[in-house]
Each structure stands twice: as structure tokens, then as C-alpha cells.
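Input: a single structure, listed below in C-alpha cells.
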Amino acid sequence: MAGVLQCNSNDPQQQSDKDMKTLKNNTSPSSPTSIQTTTSAMLTGTSLKDTLTSDPQTWYNSSLVSVTQITSSGLKLLFDTSVQMRSLVKQNGGGDDRFRNKILASVFYEASTRTSCSFQCAMMRLGGKVIHVDGNGNTSASKKGESLSDTIQCLQCYTDVTVLRHGTTGTITDIVENGRLSKPVLNAGDGIGEHPTQALLDLFTIVDEISFTANDEPLVITLLGDLKHGRTVHSLAKLLVRAQSYLKRPLVLRYCSPPSLVMPQHVQEYVANFSSSTTDVKQEEYTSGTEESVKKAMTKAHVLYVTRVQKERFDKEQDYAAVKGTYKINAEIMSHAPSKMIVMHPLPRVDEIHTEVDSDPRAVYFKQMENGMYVRMAILALVLGNSSS
Ligand code: NCD
254 MAGVLQCNSN DPQQQSDKDM KTLKNNTSPS SPTSIQTTTS AMLTGTSLKD
304 TLTSDPQTWY NSSLVSVTQI TSSGLKLLFD TSVQMRSLVK QNGGGDDRFR
354 NKILASVFYE ASTRTSCSFQ CAMMRLGGKV IHVDGNGNTS ASKKGESLSD
404 TIQCLQCYTD VTVLRHGTTG TITDIVENGR LSKPVLNAGD GIGEHPTQAL
454 LDLFTIVDEI SFTANDEPLV ITLLGDLKHG RTVHSLAKLL VRAQSYLKRP
504 LVLRYCSPPS LVMPQHVQEY VANFSSSTTD VKQEEYTSGT EESVKKAMTK
554 AHVLYVTRVQ KERFDKEQDY AAVKGTYKIN AEIMSHAPSK MIVMHPLPRV
604 DEIHTEVDSD PRAVYFKQME NGMYVRMAIL ALVLGNSSS
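Under my numbering, residue 642 is the last one in the sequence shown; the count climbs by one each step, no gaps.
Encoded structure:
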């Protein structure tokens, strides 16, 4: 209809690129909310596999809802771009203005400091602008009963890319696959499902920090804490096994948690099924919930990735009370850890890492946060088609 303004992209080039890698899949199930009945395929949809490669065109205008979209060569492209972003910020004391006419919609239905602020700064470092919507705030249309899909579709009329966090597992996959969206949506955490951009910055940090290990020795990574509800560890375990041909070495994944907070079966199955041979990836569980089990799980580990017990995910206060404070990484425990290893945490921490560990050279969690901005600058540059300055 001539003269009618449309929200969808009218740029033919942009439209054909979008068609080429459309994420729609009308046969996918509606959003699951319970982890007990959840499988990896349900969480990540069926069309969200291996779509993001070393070809920048595959990233352009594409949403990112799961780490299962990224191939090994896609990781290389992303990490090379992240290194360029780091140099840009460090050398110029800022970025550049390649996003000067671009606007990011930052839409959060759950609390966030690091993810929302690092995305906002990533956008601004490259000359872009940001609008922020507190999904639970008084100005949110969800208060009037609007669907998430409608809210995002409207915001896409004004902006170029959306960063979205939501409390219901699978919701973001659902609107990307089934909604009528025209612009990229980046999953900033969906309930206890995935947190792909966090896993990417975590892996970037691991790759950046582990030069002390011999190239052919298996990489030993211990994931500690609330592995049941922690979306960061779900994404990281899946990403690590997918990254094997990028890392070019065997992997040992150790899951250390209290018995009630073990790594979900669907994640363990994903890891087992993805690895081409059982010698390439080993999964080990340490679930006694004691300090001794932490010390065992840290033996010869290269990475200790600590997570918070996710208070907000428990139905009953007494279930949380039973496990809170189970693990506390302090200077005494660190004296039993290998001298060459790194300690990571997605933050925020409550009391699972004592502040006395912060001055330990093995503690890299604040560096990890800084890397988050570079990796998110690279993701934005790739999906907005501005990866070379
Ligand atoms: C994590 C999250 O929100 O999943 N934080 C983050 O994004 N940096 C971890 C957490 O909340 O414990």
C-alpha cells in the first residue's frame, strides 16, 4: 500500500539477507517453562543450529538465542572481532562511530547490571544510542497485558537491535522463531535456559587466559555452585563442547554442586551427544556438597567457574536456605588449588567467593567483565553489519 509506513525493513538487500537465514520455524513447540520436562531441542528450537559461521553475512541481521547457533569458525570470527574491539577501546580511549545512526533497545524483565550496562556501553563505544525498558516497571506495556511479541515488534519500529532478558525459559526462542520480527534479538538470559552472550565472553576469557597450559593437554574446567538453575553454566557447557575443534584439545568438564542442584540431564546429554568421541570430552560429577569435594574437583583444574545459588529460582524459602552458602571459595581453599589456573564468576556474587580472593592473581572475574564489553561490541558489530570499521 503506497504511502503507508511499514515497521518491517524495506531495504531489499536487508530483506533478502534476512530471508536467507530466517529463524522462523512454525513447527517448534511453544515456550516450555519447566526444566523437568525440558530438552535441549525445546530450549533452542529446531532451526537454531550452526547458523553463525565465519561468513559475516550469516551474522548480519541474525538473532542470537542459543550457543548452538555458533560454529567453530563462527567463534573464530567473533573472537577475532572482539580482539579488534579491545584494541580500538584501549588504543583510542574509546571506540569509533560506526553505529552513529543505530539505536539499541535494551529490554529487561529481570534484574541486570552487567549484561545491560555492558551492552549499552558496547553500543555507545561505537557511536550508537540506547533506549532502556524496564519490563517490570510502571511504563512497561506488560502492565496493560500486552504480549512480549507485540512489545518487541513495536520497539523494532524505532530501533535497530534488541537485547532482551526474560524470566521464562524458552520465551525468547519462541518469539524469535514464531514472532513477526524484522530485526535481531539478542538473548540476555531466559529464565534458567540460556545466556549465550555470557558464555561467549566466558569462553573468550578462558582462551585469553590459559596460555599457561600445554597445547595438547586436556582442558579441565570445573563448574561450581547452582548448576541446576544457572543459565550461564548451561550455555557455557554447551559452548565448550561445541568449541572443541576451535580449542583443538580434549575437554574435562567437572560439575560440582550440592545433590539438589546438579547440572540438568538435558545439558549433560547435549554435551555427550555433541562430542564425537568419549575420549574428547569427559563429564564428571562431584555432588557431595562438601569442601572436600570442591578440593577434589579443583585438582589439576585450569578453570574454576563459580556461580551464585540462584535464590530467585526456588519455590520454597527453606529449599534455598538448605543450600545457600554451601560453597565459599576463600584464601584457604585457594591454597589447595593449582598455582596456574583461573577463577571465574559471571557475577553478581553473594558470598561464594570471599573478597580476600580478589587480590589472588588467579582471580579473573573483573577482567571477565571487561571482556564482556568487547565481545558484546563484536556481536553488535556483526549483527548490524558493521564488523569492519
Ligand atoms: C548471571 C545471570 O543473570 O544469569 N549474571 C550475569 O548476567 N552477569 C548470573 C547470576 O545472576 O547469578
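In this text, a Cβ means the ideal position worked out from N, Cα and C, and glycines have one as well.
Residue i in three-state terms, based on DSSP
i	result
asparagine 624	helix
aspartate 349	coil
methionine 630	helix
glutamine 536	strand
histidine 519	helix
histidine 482	coil
tyrosine 508	strand
alanine 584	helix
histidine 487	helix
methionine 594	coil
threonine 311	helix
valine 617	coil
serine 529	coil
lysine 549	helix
aspartate 572	helix
phenylalanine 567	coil
alanine 467	coil
alanine 375	helix
lysine 382	strand
serine 359	strand
aspartate 342	Looking at the sequence provided, one finds valine at residue 342 rather than aspartate. Helix.
valine 603	coil
threonine 334	helix
threonine 290	For threonine 290, the pLDDT reaches just 38, beneath the cut-off of 50, and the residue's location in the model is therefore unreliable, although a value from the coordinates is still provided. In this structure, threonine 290 counts as helix in the three-state DSSP scheme.
aspartate 461	helix
threonine 608	helix
threonine 368	helix
leucine 301	coil
valine 320	helix
leucine 472	strand
leucine 557	strand
leucine 637	coil
Beta-carbon proximity of residue i to residue j, cut-off 8 Å
i	j	result
valine 416	valine 360	yes
aspartate 479	threonine 560	yes
leucine 453	isoleucine 474	no
tyrosine 523	methionine 516	no
valine 576	proline 511	yes
leucine 504	leucine 476	no
valine 414	leucine 357	yes
threonine 321	lysine 491	yes
threonine 366	glutamine 451	no
aspartate 455	glutamine 621	yes
glycine 380	phenylalanine 352	yes
threonine 424	leucine 439	no
arginine 378	valine 342	yes
isoleucine 323	arginine 484	no
lysine 382	leucine 637	no
threonine 412	aspartate 443	no
tyrosine 686	serine 325	Here the chain covers residues 254 to 642 and nothing more, so residue 686 does not appear.
Residue i CB to nearest heavy atom of the ligand NAP below 7 Å
i	result
leucine 600	This structure simply doesn't include the ligand NAP; it includes the ligand NCD instead.
Straight-line gap, residue i to residue j (C-alpha atoms, nearest Å)
i	j	result
histidine 448	alanine 441	6 Å
proline 614	leucine 557	13 Å
methionine 551	phenylalanine 619	21 Å
proline 601	phenylalanine 457	19 Å
valine 628	lysine 329	12 Å
glutamine 259	isoleucine 459	Bear in mind that the predicted position of glutamine 259 carries a pLDDT of just 29, short of 50, making it too unreliable to give a figure here.
methionine 626	alanine 634	12 Å
leucine 331	glutamine 521	26 Å
serine 546	asparagine 468	28 Å
isoleucine 606	alanine 554	17 Å
glycine 578	cysteine 410	45 Å
valine 534	tyrosine 573	32 Å
histidine 482	threonine 608	24 Å
serine 677	serine 592	Coverage of the chain is limited to positions 254 through 642, which leaves residue 677 absent and any answer about it impossible.
arginine 502	isoleucine 384	42 Å
alanine 631	glycine 347	14 Å
methionine 295	threonine 304	Confidence at methionine 295 is low in this model, with a pLDDT of 46, below 50, so its placement is unreliable and the value that follows should be read with caution. Near 17 Å, if we compare the C-alpha coordinates of threonine 304 and methionine 295.
proline 437	isoleucine 463	32 Å
serine 245	asparagine 624	This structure does not reach residue 245, given that the chain is present from 254 up to 642, and the question cannot be answered.
serine 640	glutamate 570	46 Å
leucine 493	methionine 597	15 Å
serine 395	proline 599	29 Å
Go through the region 392-459 residue by residue and report every complete run of the alpha helix (DSSP H) that reaches 4 residues or more, in order. 401-411 and 424-431
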